[in-house]
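**Student:**
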Amino acid sequence: MEFPILSALTYLPLVGALIILFIPRDSHEAIKATATSTSALCLALAILAWLAFDNGAGGFQLEERAEWIPQIGVSYHMGVDGISMPMVFLTCLVSLVSIAYSWIINERVKEYFALFLLLQTACVGVFVALDFFLFYIFWEISLVPLYFIIGAWGGPNREYAAIKFFLYTLVGSVLMLLAIVILYFASGVTPADRTFDIVEMIERQPTAALAPGLAMAVFVGFFVAFAIKVPCFPFHTWLPDAHVEAPTAGSVILAGILLKLGSYGMIRINMPLMPEQWALAAPWIGILAIISIIYGSLAAMAQSDLKKLIAYSSIGHMGFVTLGLAAMNVQGISGAVMQMFSHGLITSCLFLLVGVVYERAHIREIDGFGGLGKITPRYFGVFIFVALAALGLPALSGFVAELYVLLGAYASGTMNEVSAEGLAVLGTPWFAYLAILGIVLTAAYMLWTVQRVFMGERNEKWANMPDINPLELACLAPLMALTLLVGCYPAPLLKPIATASMDILAGAMGTQLR
Amino acid sequence: MVYLIPEFLLVLVGAVGLVIAFAPSRPRLRAYSLVGGLTCFGGAVVAGYLAYLATTDLGAELAATAPGYLTTTLALDPFSRVFAVLSLIVCGLTFLLSKEYLETRMQDHQPELLAVIAFAAAGMSFLGSARELITIWFSIELLSVCGYVLAAFTKDDERSAEAALKYFILGTASSAFMLFGLSYVYGMTGRLDLVGIMEATAGDGIGVLLPTAAVLMLVGFGFKVAMVPFHMWCPDVYEGAPTPVTAFLSVGPKLAALAALARVFSTAFPHEVARVAWEGVLFWGALITMTLGNVVAIKQSNIKRMLAYSSIAHAGYMLVAVLVTLRSDLALSALAIYAFAYVFMNLGAFAVVTSFSNRTGSDALHSYNGLARRSPYLAWAWAFFALTLVGLPPTAGFLGKAYIIMAAWDAGATWNSPMFWLLVVLVLNSAISLAYYMGVAGRMFFKPPAHDDPVPVGGGVGTAIGLCLAGTLLMVLAAGPIIGAIQNGAVFALH
Amino acid sequence: MSLNDIFPETVPTGYYLVFAALLFCIGLFGLVSRRNAIGMLLSIELMMNAVNVNLAAFSRSGLEVGQIQGQLLVVFTVTVAVAEAAVGLAIIVAMFKLRKTVNADELNLLRG
């Protein structure tokens, strides 16, 4: 039997969390060291797994399968394809970064690090699960630690933000549970025939057997659950609250990974399992994506709180992911996944940078700063780099991703043709044009922010602000290096993603594209 | 006769309790609660084996040799033995979580309380297997009368007495309703055994009175289950009764009545007219019960009242499983699995409440502020049970809810059918329930405590919490064999 | 006019049923309108007795000859009702000792 590397990757953080439970409450150093080394080990495992993964082969690899509840066709089934492999790697990287950054935490350390490791288990689990039961379990577990992290270590309004986050996402996921059960009963005629296995279901295409109304209801059940998580307009209102109140590392994980669970769900479940419904809904999803992009950017521009600004910019950037998916072609899907990866890197950096300045100043008002560029030159340099990455400067990862999304949206059959008939106003490639407007807006608010914080008149209040320190730099460096690497040489990342995207489309169309 | 070992054990434990109530010295309580609890858990293993036996050929032979007076009154089917397992577990856990309360809060009559709980658990077990109306009614009365006594047990406490009086008046009135319906069923069919009633009502010519009688009986069951609108007693009784008794009342009578409800109505009234009536009542009953329970629970300021409304909501979920007993093979499995999950998670939650009120004497929600700093074990245990009660994975509560949804969908729900919308309401309800369960967890973790005194956890109640935690987790992690056993056992013998 | 005309040998079952239904309704009305706990207990006993009349009547006019289950159940009902009343009265006595009242309207310690 092969070494079950995905299970190891998933449960290693959980083991770390259990070890932490047995470390005395007051030995902070030991707890932090345990958490960091566990997470580092996970990253090493993730890299090993990626090395063992054949980027060009397609299909699910490193699969593990075992019986679990045979009475109702539930199995323990894990595996990764070219889309989940980069996401698993991203999860381990961002988790390690946020745990390392959390060395500054000194309050209720034990619970904090145990919860972070639990969160890592849940997120990796969602990306590797190939059985609906398993997927749903990890999906729901991911809510719990973040609820406690926001509520216990957050800002002044944390309780409200925590329960709002939990309630919003739970409403979505209970509807998903209902949809899963409906799919289960459509997957076979006799009880012995039915299955919760996602791969098996994609082969059987159970939605084809459902009445059109019910199939659409199932689609909406899944889509709303994922759209709340992404978050896609109009389901986004929990996000700014959660981000503003969450501690820095919590925000990093939330924006860097948890939002990706939503778009990953759309790719893994909605598109291949309900392709007809997806094609039908594509123009509407595209419209929601465009609204998210433009609304997110405009709202970001209007913010005075730095963290809220970045939260809204996340809504805009995730809109590109949804847009790429709505395009439903290889460029669109590949671009969407690239954007997930790239946004995970960039937004983590941005939230870390906000955390850096908040640690020192204890305010986040953009207008409260000014002329920081001279006081903290290294911080300024890093911020400029990340801001340029966020606005999609060529040679950085955001550019590649957004370019692919735009190409996809431009060439999309599902979106543009249907919209040309149904919505006369939006002619053929209008989705792409509007998305470009979003990029322009992003550039505008990013540069404006840089100008207001770093340029202009020097605010004497912060004259003694220390520059970015080695720990913070060490947290940021790998993320920035990857941003640059992916931007200059995207092929190694693009290859598995494009292969897997073709697989998804092939599964959806019932044809072989490769 | 071996089938009745669980019931014999429970009665024996109760009888021993009454005897040693006369023994002098204090250690008697410790010994009794320990030995009694262990006997119950041992009995649960035996009952589990019996449940397995009942599904085999050997079991069928044994059942065939059982005396007639036994088989006509008690169904010796797997389901009844699965239910015996449940009764024994409930009794054992209640023993464990009562000990500390009895030591700190009561001066005398401590063993008697445990003995009465054992008798009530016996009634619960009988009710799960009764297949004849006299026996069913008798089991209900055994359970109820024990319940009245238990609610009144701290007889110097005005609240306890008031709770008991309310419970008694409404309980006996509902018994009268049930008996009144029962007498008409008897008059129309001339039979009292469920199968006989089913046979007698098979043809035409049964008047409009039969659905009326069925609904009258449903009123009686609805009271025991705390189905809206017969739920009014529930919060008052739960608040006033001693906390371990509340823990028992919130699972014992409720689950037993649900099991009997499923058996009586699916066995005796499967034919058109009566069936339409009781299924209709149950549909709306389930829908309103779960919604009202969850919505009203949000506004409570006493944790016992809050848990009372939450238990009303859970009864609503389980009524969905009862509603589809005739339509889906999964319904009884769903009911049994949810019942097991409910025992572990609800008794676990009440164990936390008992442990806390033993030390602080308070049940007010605000006294739970900052508990995470005063007793991390209790706070995390509550957080865990709260998540289970909401139905979040990977816990038994999730499994139970998933099974109920599956059973209801299996019952032939289609797009835009009433059942579809019932399920939508059900899942949205579990989201609503998050607000109050996690609201308490939020108090424990996010609010500062009034003072920093630690809240130590007693051995018995700590063990009970641990067992409940293990139970809720194991039901999912080792789901294959456990669910398999329950699902094999969730079968009614119809003849 | 013979005695048999005034007291027919068999009173039709319907008469018993109407009587029992009335008795049940009287009991129910008493339960709802009475505020004294003992009065409520007595009303419930009336309801129970209505059931007993029903059962006895049905047992006599049963579909099968020699059907005694109904009478059997009457005996059980009476017994259990007595047990219930004993517990109930004990609770009422405890209540009276503590509060000096058994009026249901004054039972207001437990409110949400």
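Residue numbers (the numbering used here), protein chains in the order written: chain A, 1 to 514; chain B, 1001 to 1495; chain C, 2001 to 2112. Quick reminder that beta carbons are idealized off the backbone N, C-alpha and C, glycines included.
#1: What residue does the alpha helix (DSSP H) around residue 1159/B start on, and which one ends it?
#2: For residue 1169/B, go through chain C and note every residue whose CB falls closer than 9 Å to its CB, in chain order.
#3: Looking at the C-beta of residue 1353/B, does it have a partner C-beta in chain C at a distance below 8 Å?
#4: Excluding five sequence neighbours on each side, which residues of the same chain lie with their C-beta closer than 7 Å to the C-beta of residue 2019/C?
#5: Using a Cβ cut-off of 7 Å, pull out every chain B residue sitting near residue 2070/C, in sequence order please.
#6: Who are the Cβ neighbours of residue 1388/B in its own chain at under 6 Å, not counting the five residues just before and after it?
#7: With distances taken from CA atoms, which of 97/A, 144/A, 98/A and 135/A is nearest residue 118/A?
#8: Please report the straight-line C-alpha distance between residue 425/A and residue 9/A, rounded to a whole angstrom.
#9: When we look at the beta-carbon of residue 193/A and count the other beta-carbons within 10 Å, is it buried (16 or more) or exposed?
#10: Extract the residue ranges of the alpha helix (DSSP H) inside the stretch 1314-1363 of chain B, only unbroken runs of 4 or more that lie entirely within it.
#11: Buried or exposed, going by whether 16 or more other CB atoms sit within 10 Å of the CB of residue 289/A?
#12: Quick one: give me the first and last residue of the alpha helix (DSSP H) that residue 215/A is part of.
#13: Have a look at 2105/C, 2029/C and 2072/C and flag the residue whose alpha-carbon is nearest the alpha-carbon of residue 1138/B.
#14: When the distance is taken between beta carbons, is residue 147/A closer than 8 Å to residue 116/A?
#15: Using a Cβ-Cβ cut-off of less than 7 Å, give me the residues of the stretch 1427-1440 of chain B that come near chain A, in sequence order.
#16: Under 7 Å, CB to CB, which of the residues in the stretch 1259-1285 of chain B have a partner in chain C?
#17: Can you tell me the Cα-Cα spacing of residue 86/A and residue 317/A, whole angstroms?
#18: Should residue 322/A and residue 400/A be called a contact, given that it needs their Cβ atoms to be closer than 8 Å?
#19: What separation, rounded to the nearest whole angstrom, lies between the Cα atoms of residue 241/A and residue 161/A?
#20: Quick one: what's got a C-beta closer than 6 Å to residue 210/A's C-beta in the same chain, skipping five residues either side?
#21: Identify, in the order they occur along the chain, each residue of the same chain with its Cβ nearer than 8 Å to the Cβ of residue 452/A, setting aside the five sequence neighbours on each side.
#22: Compute the distance between the beta-carbons of residue 1007/B and residue 1125/B, then report whether it is under 8 Å.
#23: Output, in chain order, the set of chain B residues within a Cβ distance shorter than 7 Å of residue 2077/C.
#24: Can you tell me whether DSSP reads residue 1139/B as helix, strand or coil?
#25: One question on the structure: do residue 442/A and residue 389/A come within less than 8 Å of each other, judged by their Cβ atoms?
#26: Could you tell me the distance, in whole angstroms, from the CA atom of residue 394/A to the CA atom of residue 491/A?
#27: When Cβ atoms are compared, which residues of the stretch 60-85 of chain A fall closer than 9 Å to chain B?
#28: Using the beta-carbon count (16 or more within 10 Å), is residue 1294/B buried or exposed?
#29: Taking the beta carbon of residue 1401/B as the centre, do at least 16 other beta carbons fall within 10 Å, making it buried, or is it exposed?
#30: Let me confirm a value: residue 1343/B is counted as buried when at least 16 other C-beta atoms fall within 10 Å, else exposed. Which label applies?
#31: Below 8 Å on C-beta distance, what does residue 204/A contact in chain B?
#32: Which residue or residues does DSSP assign as beta-bridge partners of residue 61/A?
#33: Residues bridged to residue 69/A by DSSP?
#34: Excluding the five sequence neighbours on either side, which residues of its own chain have a C-beta within less than 6 Å of the C-beta of residue 1275/B, listed in chain order?
#35: Sort 1198/B, 1097/B, 1166/B and 1414/B by Cα distance to residue 2095/C and report the nearest one.
#36: Listed in chain order, which residues of the stretch 1446-1480 of chain B have Cβ atoms closer than 8 Å to some Cβ of chain C?
**Tutor:** Working from what's here:
#1: 1158-1189
#2: 2031, 2037, 2040, 2041, 2044, 2088 and 2104
#3: no
#4: 2053
#5: 1186
#6: 1345, 1395, 1397 and 1472
#7: 144/A
#8: Bear in mind that the predicted position of residue 425/A carries a pLDDT of just 45, short of 50, making it too unreliable to give a figure here.
#9: exposed
#10: 1331-1360
#11: buried
#12: 212-229
#13: 2072/C
#14: no
#15: 1427, 1428, 1430, 1431, 1434, 1435 and 1438
#16: none
#17: 18 Å
#18: no
#19: 5 Å
#20: 186
#21: 366, 367, 369 and 370
#22: yes
#23: 1179
#24: helix
#25: no
#26: 15 Å
#27: 67, 68, 69, 70, 71, 72 and 74
#28: buried
#29: buried
#30: buried
#31: Going along chain B, no residue has its Cβ under 8 Å from residue 204/A, so there is no contact; the nearest lies around 18 Å.
#32: 80/A
#33: 74/A
#34: 1269
#35: 1166/B
#36: none
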